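Everything below concerns the one structure shown next.
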């Protein structure tokens, strides 16, 4: 906890990823507002009631305006919509942690990607919100492991991509508080192409291993 | 060496990957013919002279006709050409180990992929040569490590994709002889989409770590 600074944090999205990260942040002592499309989303309300008084909820814009750091935990297909609802003015100058995966279910199972190869969702978001400091991370593993990497028997790696060094340091400190020892800074936001394209092997490994409880470790 | 059966093996391609794998197979006692576009390629000749008498060289067709197992170690962009030169009749019924990466340098550095997301080079080759038994493997790491994974301090993983169970077992036995302990069978050849899309993070990890001497380990 050496890097521990209490912060106001927004979680955009009420799915399993948002709930996992939001709950972990509450446990770490932060104030967390979960944002969704509507002012009183039942899932966000249930979460805020369960984890209050420092857990609260509101619209995407309410959450982003409240926060110093914003986590994008929406589905990749609707991330730009959600961030537009959050509002450029509420994201300006803030660290925007992008955990989303640009999943494409329209071409059958397992899912493919809506963006890949010569672009990424992380870059798309950075281009759409040039005054936010986008850091792509945690998008390569199961949400339980995101906030509790020690659930695996052996150490593993988490990756980080972003253009702003201070934002990456801030996120890195949060990741350490989540329990991460090996945080690999891949470079600028274009390196999100690398981590987003781990999804295709991730879904097939889940099939082959019969569990989502695994992660990539970079062996040297 | 418990699975050791001496075989006649073709290496298509005279680059670093072909030389690494061909040399390792010679060291293991196999007969290896390196194939290229011409009957007397200087690099193939040099290799055969250095590693003979069980190392030989010839055209793609000579090598494929000679072999029981064929390794595609050509550049991904020219793999189909090379395999067409090798000849459908020379690949029929044989295990075709596809190590190639569909690199695209036309869109700048680091390279992107010519095929990805909803298709893969492995599948493309299997469709073009339906009577060959394509097994995609070893395409996720540096050629030195392909044949000597113990160069890394810690254990790591190698992946395998293919439609034919016997071909995968044959390849698995060769991989064990190369020194691999953790061989993960991802499933049919469509799972090559997963391993081929590791390239984008691999090139960026090489940049971030400053070395190609690393590999993915699946931590559980």
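Chains as they are written, first to last, in our numbering: chain A, 35 to 254; chain B, 35 to 254.
Built from N, CA and C at the ideal position, the CB exists for glycine as well.
Everything numeric in this text was worked out from a predicted model, so none of it was measured.
Whole-angstrom distance between residue 74 of chain A and residue 80 of chain A, CA atom to CA atom: For this step, residue 80 of chain A is matched to residue 46 along the first chain. For this step, residue 74 of chain A is matched to residue 40 along the first chain. Residue 80 of chain A and residue 74 of chain A: Cα-Cα distance of roughly 10 Å.
Where residue 220 of chain A meets chain B, residues with beta-carbon distance less than 9 Å: Locating residue 220 of chain A in the first chain gives position 186, where the first residue counts as 1. Within chain B, the residues near residue 220 of chain A are 235, 238, 239, 241, 242.
Residue-level contact to chain A via CB, residue 141 of chain B, 8 Å cutoff: Against the second chain, residue 141 of chain B aligns to sequence position 107. Output row for residue 141 of chain B: interface = yes.
Spatial distance of residue 221 of chain B from residue 231 of chain B (CA atoms): Against the second chain, residue 221 of chain B aligns to sequence position 187. Against the second chain, residue 231 of chain B aligns to sequence position 197. So the two alpha carbons sit approximately 16 Å from each other.
Best match in A/119, A/218, A/132, A/59 for proximity to residue 173 of chain A [C-alpha to C-alpha]: Counted from its first residue, the first chain places residue 173 of chain A at position 139. The candidate whose alpha carbon is nearest that of residue 173 of chain A is A/132.
Reduced DSSP secondary structure (H/G/I, E/B, other) of residue 192 of chain B: Within the second chain, the letter at position 158 stands for residue 192 of chain B. Residue 192 of chain B falls in the strand class under three-state DSSP.
Under 9 Å by beta carbon: chain B residues contacting residue 156 of chain A: Taking the first residue of the first chain as 1, we reach residue 156 of chain A at position 122. Neighbours of residue 156 of chain A on chain B: none; closest Cβ ~12 Å, over 9 Å.
Validate contact between the stretch 123–137 of chain A and the stretch 92–106 of chain A using beta carbons, cut 8 Å, 3 pairs: yes
Near-chain A residues of the stretch 159–178 of chain B - C-beta to any C-beta below 7 Å: none
Burial state of residue 35 of chain B (16 or more Cβ within 10 Å): Position 1 of the second chain, counted from the first residue, corresponds to residue 35 of chain B. Confidence at residue 35 of chain B is low in this model, with a pLDDT of 46, below 50, so the placement of that residue should be treated as unreliable; the coordinate-derived value is given next. With fewer than 16 other Cβ atoms within 10 Å, it is exposed.
Cβ pair residue 64 of chain B, residue 43 of chain B closer than 8 Å: For this step, residue 64 of chain B is matched to residue 30 along the second chain. For this step, residue 43 of chain B is matched to residue 9 along the second chain. Yes. Within cutoff.
Chain A contact for residue 249 of chain B (CB, 8 Å cutoff): Taking the second chain and counting its residues from 1, the one referred to as residue 249 of chain B is at position 215. Residue 249 of chain B counts as touching chain A.
Local conformation of residue 147 of chain A per DSSP, three classes: By one-based count along the first chain, residue 147 of chain A stands at place 113. Strand.
Pairwise C-alpha distance: residue 165 of chain A and residue 179 of chain A: As a position in the first chain, residue 179 of chain A is number 145, starting the count at 1. As a position in the first chain, residue 165 of chain A is number 131, starting the count at 1. Going by the C-alpha atoms only, they are around 30 Å apart.
Cβ distance (whole Å) where residue 167 of chain B is taken to contact residue 189 of chain B below 8 Å: If you number the second chain from 1, residue 167 of chain B lands on position 133. If you number the second chain from 1, residue 189 of chain B lands on position 155. In this structure residue 167 of chain B is not in contact with residue 189 of chain B, their Cβ atoms being roughly 28 Å apart against a cut-off of 8 Å.
Residue 61 of chain B, enclosing alpha helix (DSSP H) - first and last residue: Locating residue 61 of chain B in the second chain gives position 27, where the first residue counts as 1. Looking at the DSSP string, the run of the alpha helix (DSSP H) that includes residue 61 of chain B is 50–61.
Three CB pairs or more closer than 8 Å across the stretch 50–61 of chain B and the stretch 84–91 of chain B: yes
Near the ligand GTP: residue 215 of chain A beta-carbon under 7 Å from a heavy atom: Ligands displayed in this structure: none; no statement on the ligand GTP is therefore possible.
CB contact below 8 Å: residue 184 of chain B versus chain A: Position 150 of the second chain, counting from 1, holds the residue named residue 184 of chain B. Answer no: the Cβ-Cβ gap between residue 184 of chain B and chain A never drops below 8 Å.
Contacts that residue 189 of chain B makes with chain C (C-beta to C-beta distance below 8 Å): Looking for chain C here will not work: the only protein chains present are A and B.
is_contact[residue 150 of chain B, chain A] using C-beta, thresh 8 Å: Here residue 150 of chain B corresponds to residue number 116 of the second chain, with the count starting at 1. Yes, residue 150 of chain B counts as interfacial toward chain A.
Runs of alpha helix (DSSP H) lying entirely within the stretch 120–182 of chain B, each at least 4 residues, in chain order: Every alpha helix (DSSP H) of 4 residues or more that sits fully in the stretch 120–182 of chain B is shown, in chain order, as 122–125, 155–162, 177–180.
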